[in-house]
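Peer 1: Here it is: the structure, laid out below.
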Amino acid sequence: MSTQAVAEAGAFIAGAAHQNGGQPLPITNPADGRVFAEVASATAADVDAAVSAAREAFGEWSARAVSKRGELLAAGARNVREHIDELVPLLTREQGKTLRDSRIELNRAVETLEHYAGLSKALRGAFTPHLDPNTDGMVLRRPLGVVAAIVPWNFPTTLLCNKLGPALVAGNTVVAKPADTTPLTTLRFVELLGLPPGVVNVVTGTGPDVGEALVTHPDVRKVAFTGSTKTGERIMQLASGGTKRLTLELGGSDPLIICEDADLAKAASAASMGRFYNCGQACLAVKRVYVVESVADEVIEAITAKAKKLRIGPGDAEGVQIGPLHTARQRDLVADQVSRSGGELLCGGGAPEDQELANGFFYSPTVILDPPHDSPMATEEVFGPALPIWRVRDLDEAIERSNASQYGLGSSIWTTDLDRAREAAERLECGYTWINSPTKVYDELPFGGVKSSGFGKEHGEEAFDYYTDSKSVVVRSG
Ligand code: NDP
133 MSTQAVAEAG AFIAGAAHQN GGQPLPITNP ADGRVFAEVA SATAADVDAA
183 VSAAREAFGE WSARAVSKRG ELLAAGARNV REHIDELVPL LTREQGKTLR
233 DSRIELNRAV ETLEHYAGLS KALRGAFTPH LDPNTDGMVL RRPLGVVAAI
283 VPWNFPTTLL CNKLGPALVA GNTVVAKPAD TTPLTTLRFV ELLGLPPGVV
333 NVVTGTGPDV GEALVTHPDV RKVAFTGSTK TGERIMQLAS GGTKRLTLEL
383 GGSDPLIICE DADLAKAASA ASMGRFYNCG QACLAVKRVY VVESVADEVI
433 EAITAKAKKL RIGPGDAEGV QIGPLHTARQ RDLVADQVSR SGGELLCGGG
483 APEDQELANG FFYSPTVILD PPHDSPMATE EVFGPALPIW RVRDLDEAIE
533 RSNASQYGLG SSIWTTDLDR AREAAERLEC GYTWINSPTK VYDELPFGGV
583 KSSGFGKEHG EEAFDYYTDS KSVVVRSG
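Going letter by letter, the sequence shown gives residues 133 to 610 in my numbering.
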């Protein structure tokens with residue numbers, strides 16, 4: 133089997149390339165707008181074949197020793213790592229991100245698998261002695277069965293591995309559906325994992341067709357979804373049929389607060405990096421900055437200077453720091469949000485002037501000062517390289533504005549007063565707060581949102597709770 137065979141067939145089922153029966157889907161390079169590959173889309177019958185393969189594999193996979201599952205996952209992760217040089221340009225070509233960012237993403241994906249492979253030796257239940265005379269209690273953790281893992285295009289491999297790691301170690305089998313625009317790296321990645329046939333399967337195609345067929349398949353016991361809030365809500369409705377378990381990792385509009393006593397240079401770097409990394413297409417990107425008035429001018433100048441200096445271009449070109457947006461639709465959406473927002477445009481606000489970039493989906497790093505608090509910049513998720521900055525009176529106003537959002541994924545605060553930072557961490561309505569730190573996600577800590585950012589946790593040991601059921605057993609002896 134070769135990369136080519138799996139990509140052309142469009143699906144990876146029961147350990148082999150599977151020829152999908154649907155229409156070919158074009159795969160476009162976001163840097164030049166050209167179609168460079170076609171992948172056959174799955175039909176309902178192909179989805180059924182994938183779920184059946186996962187169901188068939190479940191018995192043997194869930195019966196293996198947990199540590200054995202960990203060993204197989206670790207071996208698969210090792211093999212992917214050995215092929216990273218092959219995967220990096222493929223990810224850049226279909227997603228648009230820079231080669232450097234593709235390498236970072238793929239390494240992170242592998243690290244997450246290794247993390248959960250390691251945790252396989254620590255996965256334990258509970259034992260409660262003497263519930264009654266001669267009576268003990270046990271709490272078993274049981275896998276759920278077939279898990280559907282549906283992910284978007286911004287980080288196709290890390291977002292998948294956040295699900296594969298805990299799901300597989302816990303004994304589940306998986307059918308993955310990548311975004312229809314980024315199937316290639318996922319197909320090859322899963323092929324390279326080399327797990328026993330049926331343990332991880334991939335079907336490709338669009339959400340409304342293939343995604344919904346997967347979510348509503350009667351043999352899927354859980355849906356682990358990352359994507360937009362709108363789609364998450366649709367999936368929640370669909371998953372109610374059959375009472376399926378659900379994890380929803382949805383949109384965000386993360387605030388970053390800068391107090392007057394902060395290390396301003398570092399705070400400005402975190403804001404710039406947090407917003408422009410991956411061309412602003414990250415759920416936990418910094419999407420709003422609130423800076424206390426007395427230091428605002430210095431911070432605004434520093435962030436704007438950084439945005440202007442970013443080198444924009446095709447992801448595979450030397451020295452480029454920011455690639456194109458993933459699709460023309462995504463670029464137009466961001467442009468529309470910027471144009472509807474008002475405020476003072478400090479830089480960017482349109483496509484770069486370089487004619488060599490005219491066919492790609494580029495949008496210049498943009499900074500906007502004080503747009504209205506009811507503008508799209510404040511109320512919607514902006515999934516691209518546009519950063520609004522607001523001056524605020526004090527920390528209280530910053531927290532109030534931060535919480536005045538439908539979203540609650542992450543937040544950051546920069547201050548040297550740890551008492552204030554701690555108070556802010558308690559008051560900010562979200563699932564993660566970074567204090568004087570770049571917005572990095574750790575495998576060790578649970579990650580997940582509140583409000584319209586979803587529910588359930590990925591990462592951390594907590595992730596196992598979302599891929600297992602606990603079962604109580606009472607043992608009376610004598
Ligand atoms: P979408 O919700 O549009 O798509 C995500 C995935 O769901 C894709 O594979 C898509 O398929 C599929 N899908 C779409 N419609 C359905 C449906 N009706 N039934 C089943 N599956 C469906 O997300 P975006 O493409 O807009 O991705 C960006 C979003 O993801 C942002 O809102 C971002 O914040 C969020 N995100 C959240 C993260 C988190 O951890 N909280 C992390 C990263 C991103 P297809 O595209 O092929 O149609």
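Yeah, the Cβ is synthetic: ideal placement off N, Cα and C, and Gly gets one too.
Measure from the alpha carbon of R201 to the alpha carbon of each residue in R443, R166, L325, then state which is nearest.
Peer 2: L325
Peer 1: To which residues does DSSP link P520 through a beta bridge?
Peer 2: I500
Peer 1: Considering only the alpha carbon of each residue, which of R210, L577, L292, P520 lies closest to I432?
Peer 2: P520
Peer 1: Evaluate Y539 with the Cβ neighbour count: other Cβ atoms within 10 Å of its Cβ, from every protein chain shown; 16 or more gives buried, anything less gives exposed.
Peer 2: buried
Peer 1: Less than 8 Å between the CB atoms is what I'm expecting for I531 and A510, so what's the real figure, rounded?
Peer 2: Actually they do not touch by this definition, with Cβ atoms about 15 Å apart.
Peer 1: Would the region 179 to 193 count as touching the region 476 to 483 if we require 3 or more Cβ pairs under 8 Å?
Peer 2: no
Peer 1: Does the beta carbon of T244 fall short of 6 Å from some heavy atom of ligand 1?
Peer 2: no
Peer 1: Can you say whether E381 is buried or exposed, counting buried as having 16 or more other CB atoms within 10 angstroms of its CB?
Peer 2: buried
Peer 1: Can you determine whether any heavy atom of ligand 1 sits closer than 6 Å to the C-beta of V347, and answer yes or no?
Peer 2: yes
Peer 1: Comparing the CB of G343 with every heavy atom of ligand 1, is any distance shorter than 6 Å?
Peer 2: yes
Peer 1: For E381, verify whether its CB is less than 6 Å away from any heavy atom of ligand 1.
Peer 2: yes
Peer 1: Excluding the five sequence neighbours on either side, which residues of its own chain have a C-beta within less than 6 Å of the C-beta of T379, listed in chain order?
Peer 2: A356, G588, Y598
Peer 1: Pick out the complete beta strand (DSSP E) segments inside the region 164 to 240, 3 residues or longer, and give them in chain order.
Peer 2: The region 164 to 240 contains these whole beta strand (DSSP E) runs: 166 to 172.
Peer 1: Give the secondary structure of F579 by DSSP, where H, G and I count as helix, E and B as strand, and everything else as coil.
Peer 2: Of the three classes helix, strand and coil, the one that applies to F579 here is strand, per DSSP.
Peer 1: Considering only the beta carbon of each residue, do V334 and F144 sit closer than 7 Å?
Peer 2: yes
Peer 1: Would you say the beta carbon of I282 is closer than 6 Å to some non-hydrogen atom of ligand 1?
Peer 2: yes
Peer 1: Quick one: measure Cβ to Cβ for A163 and P456, integer angstroms, because I've assumed they're closer than 8 Å.
Peer 2: 5 Å
Peer 1: Quick check on A490: does DSSP put it in helix, strand or coil?
Peer 2: coil
Peer 1: Are three or more beta carbon pairs between the region 353 to 369 and the region 277 to 290 nearer than 8 Å?
Peer 2: Three or more pairs of CB atoms, one per stretch, sit closer than 8 Å, so the region 353 to 369 contacts the region 277 to 290.
Peer 1: Could you pull the start and end residues of the beta strand (DSSP E) that I159 belongs to?
Peer 2: Counting along the chain, the beta strand (DSSP E) containing I159 begins and ends at 156 to 161.
Peer 1: I'd like to confirm the pairing. Which residues does DSSP put opposite V268 in its beta bridges?
Peer 2: Per the sequence shown, residue 268 should be read as Asp rather than Val. Paired residues: V607.
Peer 1: Among N152, F287, A258, which residue has its Cα nearest to the Cα of L238?
Peer 2: F287
Peer 1: Please determine, among G445, R525, A483, P504, the residue with the shortest C-alpha to C-alpha distance to N161.
Peer 2: G445
Peer 1: Please state the DSSP three-state secondary structure of G540.
Peer 2: Reduced to three states, the DSSP call for G540 is strand.
Peer 1: To the nearest angstrom, report how far apart T318 and E226 are at their CA atoms.
Peer 2: 11 Å
Peer 1: Within the region 268 to 294, note down every full beta strand (DSSP E) run reaching 3 residues or more, in order along the chain.
Peer 2: 278 to 282
Peer 1: Here's the rule I'm using: 16 or more other beta-carbon atoms within 10 Å means buried, otherwise exposed. How should M133 be labelled?
Peer 2: Per-residue confidence for M133 stands at a pLDDT of 45, beneath the threshold of 50, marking its modelled position as unreliable; no derived number is given.
Peer 1: For Q151, report the span of its beta strand (DSSP E) as first-last.
Peer 2: For Q151, the enclosing beta strand (DSSP E) stretches over residues 148 to 151.
Peer 1: From what residue to what residue does the beta strand (DSSP E) around E476 run?
Peer 2: Note, E476: beta strand (DSSP E), 476 to 479.
Peer 1: Could you spell out the range, first to last residue, of the beta strand (DSSP E) harbouring T358?
Peer 2: That run of the beta strand (DSSP E) goes 352 to 358.
Peer 1: At the level of alpha carbons, what is the spacing between R196 and A449?
Peer 2: 46 Å
Peer 1: I believe V524 touches Y422 by the beta-carbon criterion, under 8 Å. Please report the beta-carbon distance rounded to the nearest angstrom.
Peer 2: 5 Å
Peer 1: What is the rounded straight-line gap between the Cα of P310 and the Cα of E214?
Peer 2: 22 Å
Peer 1: Does the beta-carbon of S362 have 16 or more other beta-carbons within 10 angstroms, so that it is buried, or is it exposed?
Peer 2: According to the sequence displayed, residue 362 carries Lys and not Ser. By the 10 Å Cβ count, K362 comes out exposed.
Peer 1: Tell me whether P508 sits in a helix, a strand or coil according to DSSP, three-state version.
Peer 2: helix
Peer 1: E593 to R240, Cα distance in whole Å?
Peer 2: So the alpha carbons of these two residues sit roughly 17 Å apart.
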